[in-house]
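For reference, the structure is listed below as structure tokens.
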Amino acid sequence: MPAHATHDAPRDGTDGARDGSAAAPDTGVPAETNASAGTAAPARTTTPAGTIAPAEAVAPLLRGIAVLRRLTEAPGGTLSLSALEKTTGLARSTVDRLTATLARMGHVRLDGRDVTLAPRLMELGNAYLAALRLPALLSARADELADELDESVSLAVGDRDGIRFIHQATRRRAMSLSFRIGDLLPAERTAPGPLFATEWTDPDWHRWRSRRAADPADHTFPAVPPREHVTPDEDFAFRTARAAADDYALDDQLIEPGLVALSVPVRDPGTGRVACVASVVSHTSRHTAADLRTALLPRLRAAVAAMEDDLRTAPPPEPGPPRAGLATWTGASKQELGREFVESLARGLTVLTAFGEGRSALTLTQVAQATGLARATARRALITLGHAGLLAPAPDHTFTLTPRVMSLGFPPLSRTSLPEIAQPHLTALADRVHESTSLAVLSESGEEIQYTARASTPRVLSARVTVGARLPARVTALGHVLLALPEARTQGYALVDEELEAGLRSLAVPVRDRTGRVVAAVNVAMHAARRTAAACRTDILPELSRTAAHIEADLSVAGRFVHVPLT
-10 MPAHATHDAP RDGTDGARDG SAAAPDTGVP AETNASAGTA APARTTTPAG TIAPAEAVAP
50 LLRGIAVLRR LTEAPGGTLS LSALEKTTGL ARSTVDRLTA TLARMGHVRL DGRDVTLAPR
110 LMELGNAYLA ALRLPALLSA RADELADELD ESVSLAVGDR DGIRFIHQAT RRRAMSLSFR
170 IGDLLPAERT APGPLFATEW TDPDWHRWRS RRAADPADHT FPAVPPREHV TPDEDFAFRT
230 ARAAADDYAL DDQLIEPGLV ALSVPVRDPG TGRVACVASV VSHTSRHTAA DLRTALLPRL
290 RAAVAAMEDD LRTAPPPEPG PPRAGLATWT GASKQELGRE FVESLARGLT VLTAFGEGRS
350 ALTLTQVAQA TGLARATARR ALITLGHAGL LAPAPDHTFT LTPRVMSLGF PPLSRTSLPE
410 IAQPHLTALA DRVHESTSLA VLSESGEEIQ YTARASTPRV LSARVTVGAR LPARVTALGH
470 VLLALPEART QGYALVDEEL EAGLRSLAVP VRDRTGRVVA AVNVAMHAAR RTAAACRTDI
530 LPELSRTAAH IEADLSVAGR FVHVPLT
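Per the numbering used here: the sequence shown = residues -10 to 556.
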């Protein structure tokens, strides 16, 4: 790693090594001596959120987190650079450098003056969900219950004075839920909230009352409609006491008219505390709140008992290998891009990916080893992430990720479809090869392909197929790949010459999900006069295969804990 990557601080402080403010006593990170450095205490710095950061917090990391949170709250996960400048209060030059760094990491996509969240950002939320283990252990039970009851079923965890969804099994109806995995809801307007509140401490209740006083209409919770009528604090306190006595809770149209829910806590077998809450959600045209309790509570309790058995009998997790070479990659990116790459932001976000299944609680030393970062660098990242609420220290000098990690892009990205994942890659491929390219899936009958995404180039003569169109599978390269015909299976691609139409030549490769199953195919189509079959193999096939690999990588990340629709 070049020396300037760690010691040259730009004048605006975006990648400075010491840009922070007053120390925070609750970081839990052991202090380290710095006598040899001879550095003075840093000046106080106000973060974009308006709070005073700890003395050794990494300001560029806090600024990058602020950018990701603003994008998460934006419609479609997209904002212009000028809108980010306005909503974060950061200088335009700083926003440009932060977004360039996030784009380099694959966390956002830059399209002209717009910045859009990208599927790779879900790696951060995936790290939290993997470390938590609850989705992996309990989601199948939730899905089975949803099928049995023909109602939506969710799993939620507590996030300070709110709740956050970690799994959704949603019924497809004209009237269906719009909550997403990672969405944050105010505890008092939900069925899970009172169950979590049974374990709140006095400071927790104080924080809740302060938030209610500062934001009575719930404008800080974009996942729910603003509150029309403010209820007294005593109402939620009463519901919490009732939940403690009944061991279940109801939401009778607290979020919006027509929505009802019934919740039961899933308790940790080792501690007896609430690990998560399972909920059945419906609407009043199907069930009243009282009807949910009468008709569905026994079946919900039975499912929760099975979930608790699963937690009790689950074998200890086998720690998977952490991602290798992260520190080397950030150093190389800094050397290549220079000032445009904010290395301290990239390093700080990689610390989140040190956690995962079997690595739910890590010490400072373990974080440094997992990321390849220097111990002092990892320590400052932990301080910063703790100040941002993304991790929490424990008395045994370890750290754990908090549900707030999912505030970094996960909710909007959790609804991403395969065509949406593929589209920017198809556009980039079309720009490189100057030919039309498409994504397709196999129809339910297995006899046709259906086009689900396309990118074309401005040629007078080009393949004209619209999204949604269907063609016979056996006369198309896409179909050969999707049907796993012998030649396509052996070669890993299919080349079809003028079978569908005179003059049309098409080359296609498969797109696989994280299990290795072929779920789609991507092609390049052209007039036969522009390239020979041999030229297609030498010029187009490598680019096409590289595009499929990029789509597969994004699909693997997006589909780890979320169902990704293929159309």
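No residue lacks a Cβ here, since even glycine has one placed at the ideal position from N, Cα and C. Values in this document were obtained by computation on a predicted structure and should not be read as measured data.
When only Cα atoms are considered, Ala44 and Ala55 end up about 18 angstroms apart. Within the region 452 to 507, the complete alpha helix (DSSP H) segments of 4 residues or longer fall at 466 to 471 and 475 to 480, listed in chain order.
Taken through DSSP and simplified to helix, strand or coil, Glu297 comes out as helix.
Assigned with DSSP and collapsed to three states, Arg348 falls in strand. Residue Thr83 holds the alpha-carbon nearest to the alpha-carbon of Glu74 among Gly66, Thr67 and Thr83. In the displayed model, Ile54 falls within a helix according to three-state DSSP. Under the three-state reduction of DSSP output, Glu437 falls in the strand class.
Taken through DSSP and simplified to helix, strand or coil, Ala335 comes out as helix.
Excluding its 5 nearest sequence neighbours in each direction, Ala250 has C-beta neighbours in its own chain below 6 angstroms: Ala180, Asp240, Ser268 and Val270, listed in chain order. The Cβ atoms of Arg98 and Thr76 lie no closer than 8 angstroms to each other.
The residue among Ser434, Arg130, Val456 and Pro447 with its C-alpha nearest the C-alpha of Tyr440 is Val456. For Pro49 against Ser333, the beta-carbon gap comes to about 5 angstroms, under 8 angstroms, which counts as contact.
Taken through DSSP and simplified to helix, strand or coil, Ala367 comes out as helix. Under DSSP, Ala129 takes part in no beta bridge, so it has no partner. Burial of Arg494 is indicated by the presence of at least 16 other C-beta atoms within 10 angstroms of its C-beta. Approximately 6 angstroms separates the beta-carbon atoms of Arg421 and Glu532; this is inside 8 angstroms, confirming the contact. In this structure, the beta-carbon distance from Val553 to Leu315 does not fall below 8 angstroms. Between the alpha carbons of Gly505 and Gly548 lies a distance of about 12 angstroms. CA-CA distance, Glu140 to Asp543, rounds to 30 angstroms. If only uninterrupted beta strand (DSSP E) runs of at least 3 residues are considered, those enclosed by the region 166 to 212 are 173 to 175.
Taking 8 angstroms as the upper bound for CB-CB distance, Leu390 and Phe330 are not in contact here, some 25 angstroms apart. Taking a contact to require three or more Cβ pairs closer than 8 angstroms, the region 464 to 482 and the region 506 to 523 qualify as touching. With contacts defined by Cβ atoms closer than 8 angstroms, Asp150 and Trp197 form a contacting pair. In this structure, the alpha-carbon of Phe550 lies about 43 angstroms from that of Ala517. Measuring C-alpha to C-alpha distances from Ala42 to each of Leu474, Arg463, Leu374 and Ala462 identifies Leu374 as the nearest. Counting only the Cα atoms, Pro305 lies some 10 angstroms from Arg122.
By the Cβ neighbour-count rule, Phe210 is buried, with 16 or more other Cβ atoms within 10 Å of its own.
Apart from sequence neighbours up to five positions away, the residues of its chain that approach Thr319 with a beta-carbon distance below 6 angstroms are Glu332, Ala335 and Arg336, ordered along the chain. Taking the Cα of Ala206 as reference, the smallest distance to any Cα among Ile244, Asp235 and Ala370 is reached at Ile244.
Less than 8 angstroms divides the Cβ of Arg102 from the Cβ of Ser69. In this structure, Pro124 sits away from Leu184, with a CB-CB distance that is not shorter than 8 angstroms. Non-local C-beta neighbours of Leu338 in its own chain, meaning closer than 8 angstroms and more than five positions away in sequence, comprise Leu50, Gly53, Met94, His96 and Leu113, ordered along the chain. Shortest Cα-Cα distance from Ala370 to any of Thr342, Ala232 and Pro221 involves Thr342. C-alpha of Leu173 to C-alpha of Val507: approximately 34 angstroms in a straight line. Sequence-distant Cβ neighbours of Ala89 in its own chain, meaning closer than 6 angstroms and more than five residues away, are Glu329.
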